[in-house]
Amino acid sequence: MAQRAVWLIRHEPGTPLGGTVKFSRRYPTVEKRAKIFNGKNYVPVPEDGPFLKALLFQLRLLDDDKDFVERRDSCSHVNKSSIYGLLVGGEELWPVIAFLRNDMIFASVPLVEQVLSPRPSLINISGVSQGLELLFGIQDFLYSSQKNDTDLNTKLSQLPDLILQACPLGTLLDANLQNSLNSINFLSVTQPQKQPAWKVGTYKGKPQICISIIEKVKCMQYGKQDIADTWQVVGTVSCKVSFSLGLALSYHLTPEEQYILQLVFYIF
1 MAQRAVWLIR
11 HEPGTPLGGT
21 VKFSRRYPTV
31 EKRAKIFNGK
41 NYVPVPEDGP
51 FLKALLFQLR
61 LLDDDKDFVE
71 RRDSCSHVNK
81 SSIYGLLVGG
91 EELWPVIAFL
101 RNDMIFASVP
111 LVEQVLSPRP
121 SLINISGVSQ
131 GLELLFGIQD
141 FLYSSQKNDT
151 DLNTKLSQLP
161 DLILQACPLG
171 TLLDANLQNS
181 LNSINFLSVT
191 QPQKQPAWKV
201 GTYKGKPQIC
211 ISIIEKVKCM
221 QYGKQDIADT
231 WQVVGTVSCK
241 VSFSLGLALS
251 YHLTPEEQYI
261 LQLVFYIF
């Protein structure tokens with residue numbers, strides 16, 4: 001259950017490219033896992049430019065796209081979901097989750113933990129549901145209580161930090177980005193500094209340490225002897241140290257980071 005990459009693209013009809021990538025995030029550790037799982041059918045995640053062009057073409061959003069393309073427009077390729085296959089560099093990148101809301105395209109590439117030939121059923125790819133949950137969470141965050149473009153641009157500027165909290169190393173912990181924003185705001189709280197009347201300079205007190213701990217438990221109980229119950233405990237520990245000179249150091253660590261990094265180092 002992980003994402004290889006996430007994009008947020010603004011559709012801009014009439015422009016040379018047809019759109020602009022407003023946000024993108026790639027996860028190298030997940031990409032290495034995809035290379036191992038998919039084997040000879042592995043297709044790497046392209047750069048933003050080729051991905052943008054291929055996605056707009058597949059969604060029929062290019063201004064000069066008026067010709068019939070059999071692999072996309074034929075009756076045998078009628079798409080009934082938000083899952084697509086993008087032709088990039090002569091290879092098909094699948095599955096790609098993408099949907100359009102207003103003038104914004106939300107997209108991600110989930111990890112498929114098996115070979116891609118024959119193509120597995122979407123219901124067996126857990127990363128698809130996780131990717132949709134993440135993209136819908138981003139959508140809700142951007143458009144909830146939005147009054148104008150200024151509010152939207154402010155939220156777009158907050159996305160990098162929020163995705164770092166909500167989806168570290170490509171694994172979704174919390175689709176409600178407002179919770180991540182509250183966590184970041186907690187770490188940003190600083191105690192008022194004491195200023196002695198006899199001293200002009202800033203008070204040189206002890207460094208301040210702020211710690212935020214978030215834990216999430218996922219459990220599935222089937223109640224059958226032939227089906228094993230599953231559970232997962234994930235969370236984040238965020239620590240921020242503020243010094244008297246105005247410097248601030250922060251680090252975010254999750255249990256899955258340690259496990260995945262150890263696994264990658266062991267394999268490579």
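Mapping to the UniProt record's numbering: the sequence shown position 179 is 179, numbers consecutive.
Quick reminder that beta carbons are idealized off the backbone N, C-alpha and C, glycines included.
Exposure of residue i, with buried meaning 16 or more beta-carbon neighbours within 10 Å
i, result
"I97", "buried"
"Y222", "exposed"
"G19", "buried"
"L17", "exposed"
"T15", "exposed"
"K155", "buried"
"E12", "exposed"
"Q130", "buried"
CB of residue i within 8 Å of CB of residue j, strictly
i, j, result
"I209", "C239", "yes"
"L59", "L100", "yes"
"G137", "A175", "yes"
"G127", "A2", "yes"
"V234", "L173", "yes"
"V30", "L93", "no"
"P50", "G85", "no"
"Q158", "L132", "no"
"F141", "L177", "yes"
"L52", "V21", "yes"
Bridge-paired residues (DSSP) for residue i
i, result
"Y84", "V96"
"residue 280", "With the chain covering 1 to 268 only, the question about residue 280 has no answer from this structure."
"G235", "E215"
"E133", "Answer by DSSP bridge pairing: none, since E133 is not bridged."
"E91", "V88"
Candidates the options, of which the one nearest residue i by Cα
i, options, result
"P28", "K40, G170, A54, L159", "G170"
"A228", "D140, C219, K40", "C219"
"I105", "V217, I9, S126", "I9"
"G39", "P118, Q232, L87", "P118"
"V115", "Q130, E133, P95, L132", "P95"
"K80", "D67, L122, V109", "L122"
"S212", "I36, N179, E47, Q139", "N179"
"V109", "N153, I83, N124, L152", "I83"
"K216", "Q130, D226, W231", "W231"
Continuous alpha helix (DSSP H) assignments of at least 4 residues falling wholly in the segment 15 to 47: Within the segment 15 to 47, the alpha helix (DSSP H) runs of at least 4 residues that lie entirely inside it are, in chain order, 28 to 38.
Segments assigned alpha helix (DSSP H), at least 4 residues, entirely inside the segment 146 to 176: Within the segment 146 to 176, the complete alpha helix (DSSP H) runs of at least 4 residues are 149 to 166.
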